[in-house]
Amino acid sequence: MGKRKKQYSIEEQIFSIYPDFPVLINDSVIWNEEVKPLHFHYYLEIGYCFEGKGYFSSNRQTVEIGAYDITVTAPNILHTTRSNADIYTRFCNIYVDLSDLVKLFPEGESKTKLKRAQESLQDFFCLDGRSHQDILWLIQEIIRLGREEKQRYRMQILSLLYAMLLKIYDVISDGKRENIPGGSINLPIMPAIQYIFDHYMEPIKIRQLAELCHFSESYFRKVFLEMKGVGPMTYLNWIRVRAACQLLTDSEDSVRMIGEKCGFPSITTFERNFKQRTGMLPSQWRENQQSIQKRHRKSYEIKKVFNQKE
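Residue 423 in our numbering sits at position 188 of the sequence shown, and the numbers go up by one each step.
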């Protein structure tokens with residue numbers, strides 16, 4: 236009997252992140268849970284453990300986590316979190332769309348620094364918050380502001396998030412990465428990943444990606460699978476679907492045209508890959524997002540009226 240194929244779950248709720256505020260704060264409590272399937276999403280995930288003990292796992296390794304630990308997970312990394320038996324673990328996840336966050340900053344030194352930090356976040360690792368008090372304070376403040384949602388809280392969160400990302404970048408680039416649990420940067424395949432991000436809308440062959448990394452095609456497939464948990468073509472289609480999600484939300488282009496713009500050779504291929512990644516067809520996803528945005532705008536208008544009366 237052959238090996239059983241791994242099953243991956245999808246966190247659909249993170250699609251509610253909006254470009255003007257590309258941050259979602261999500262509180263969770265895990266109580267004596269069974270091991271969850273590995274899952275992935277398009278966003279940077281910064282997790283903070285308030286109390287309890289558990290495990291944070293990627294497709295390659297598992298790291299024990301406890302109170303004050305901070306986990307940093309790059310986009311499209313397969314991972315899961317579980318609690319120790321008979322212990323509940325309370326934590327909070329901050330999801331960040333790094334691409335949209337970078338767009339909020341004008342050209343200049345701040346944007347350059349943020350891009351550099353974005354490029355360094357390619358895997359997952361864990362930090363002890365007690366040893367990094369500055370990062371710990373920043374993440375606690377972001378969570379507090381997100382819960383209270385007082386006036387101008389979004390601008391405050393974005394400012395603190397910018398400072399935190401730069402501090403995290405300093406930690407992982409100061410030559411001590413080997414001392415960070417979970418740290419395992421994808422340097423061997425970075426040229427291929429960067430090419431995928433820059434050219435996903437064009438036809439791409441695995442041979443091209445392998446040559447960029449100076450690997451044979453078979454060895455490149457093996458290394459990519461080990462580091463990302465999926466093959467290079469699957470990863471490429473994740474990026475294409477991500478771009479399609481943005482266009483479905485922001486443009487009025489037809490589904491067929493969006494599929495072509497994102498590199499899919501036919502509407503059938505586009506719909507098949509999109510449904511595999513999101514659980515629904517592109518037209519259904521667009522309708523769902525329009526409904527979410529309508530509720531979001533209505534809620535925003537109500538809050539604005541009440542704020543004006545204060």
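Virtual Cβ for every residue (Gly too), placed ideally from N, Cα, C.
Predicted, not measured: the structure shown is a model, and the values here were computed from it.
Chain-order list of residues whose beta-carbon lies under 8 Å from that of residue i (same chain, five-residue window excluded)
| i | result |
| --- | --- |
| Met-399 | Ile-281, Ile-370, Leu-373, Ile-374, Ile-377 |
| Gln-365 | The question names Gln, but residue 365 is Arg in the sequence shown. Here the set comprises Tyr-303, Leu-371. |
| Arg-556 | Not covered by the structure: residue 556. The range shown for the chain is 236 to 545. |
| Val-406 | Leu-362, His-367, Ile-370, Ile-415 |
| Leu-401 | Lys-348, Leu-349, Ala-352 |
| Val-337 | Lys-346, Leu-349, Lys-350, Gln-353 |
| Gly-466 | Arg-456, Phe-459, Leu-460 |
DSSP three-state assignment for residue i, whether helix, strand or coil
| i | result |
| --- | --- |
| Asp-485 | helix |
| Tyr-435 | coil |
| Leu-362 | strand |
| Ser-526 | helix |
| Ser-453 | helix |
| Ile-420 | Only weak support exists for where Ile-420 lies, its pLDDT of 49 falling under 50; the value from the coordinates is given anyway. In the structure shown, Ile-420 sits in coil (DSSP, three-state: anything other than H, G, I, E or B). |
| Met-468 | helix |
| Gly-494 | helix |
| Leu-401 | helix |
| Lys-510 | helix |
| Leu-516 | coil |
| Pro-500 | coil |
| Lys-463 | helix |
| Ser-394 | helix |
| Glu-413 | With a pLDDT of only 41 at Glu-413, under 50, the local geometry of the prediction cannot be trusted, and no value is derived from it. |
Which residues DSSP lists as bridging residue i, in chain order
| i | result |
| --- | --- |
| Ile-370 | Bridge partners of Ile-370: none, in fact. |
| Cys-480 | Cys-480 is not bridged to any residue. |
| Lys-385 | DSSP output for Lys-385 lists no bridge partner at all. |
| Cys-284 | Phe-326 |
| Ser-263 | Phe-326 |
Other residues of its chain near residue i: CB distance less than 7 Å, five sequence neighbours each side excluded
| i | result |
| --- | --- |
| Asn-542 | Unreliable positioning characterises Asn-542 in this predicted model, as indicated by a pLDDT of 46, which lies under 50. A coordinate reading is not provided. |
| Phe-275 | Tyr-243, Asn-311, Ile-312, Leu-313 |
| Ala-445 | Ser-451, Glu-452, Phe-455 |
| Arg-325 | Val-264, Phe-285, Glu-286, Gly-287 |
| Ile-424 | Cys-448, Val-458, Phe-459, Met-462 |
| Arg-442 | Glu-452 |
| Ser-408 | Ser-355 |
| Cys-510 | Here residue 510 turns out to be Lys, not Cys, going by the sequence shown. Excluding residues within five positions, the ones whose Cβ falls inside 7 Å are Leu-516. |
| Asn-319 | Lys-288, Gly-289 |
Own chain residues within Cβ distance below 6 Å of residue i, not counting five before or after
| i | result |
| --- | --- |
| Gly-494 | Ile-502, Phe-505 |
| Thr-308 | Glu-280, His-314, Phe-359 |
| Arg-491 | Ile-502 |
| Arg-262 | Residue identity differs from the one stated: residue 262 is Asp in this sequence, not Arg. For Asp-262, where only same-chain residues beyond five positions count, the Cβ hits under 6 Å are Cys-327. |
| Phe-291 | Val-298, Ile-300, Thr-306, Thr-316 |
| Ile-322 | Gly-287, Lys-288 |
| Phe-499 | Phe-505 |
| Glu-413 | Any reading at Glu-413 is ruled out, since the residue's pLDDT is 41, under 50, leaving its predicted position unreliable. |
| Leu-333 | Leu-279, Gln-353 |
| Glu-342 | none |
| Gly-381 | Ile-260 |
| Tyr-388 | Leu-380 |
| Tyr-330 | Ile-249, Leu-259, Tyr-278, Glu-280 |
| Tyr-470 | Lys-463 |
CB contact check: residue i to chain B, cutoff 8 Å
| i | result |
| --- | --- |
| Arg-521 | Looking at the structure shown, chain B is missing, and only one protein chain is on hand. |
Heavy atom of the ligand PLP within 7 Å of residue i beta-carbon
| i | result |
| --- | --- |
| Gly-466 | No copy of the ligand PLP occurs in the structure displayed, which carries no ligand at all. |
Ignoring anything shorter than 4 residues, give me the alpha helix (DSSP H) runs that lie fully in the region 290–359, in order along the chain. 333–338, 344–355
Report yes or no: do three or more beta-carbon pairs, one from the region 346–355 and one from the region 295–305, lie closer than 8 Å? no
Is it true that the region 518–525 meets the region 457–473, where meeting means three or more beta-carbon pairs spaced less than 8 Å apart? no
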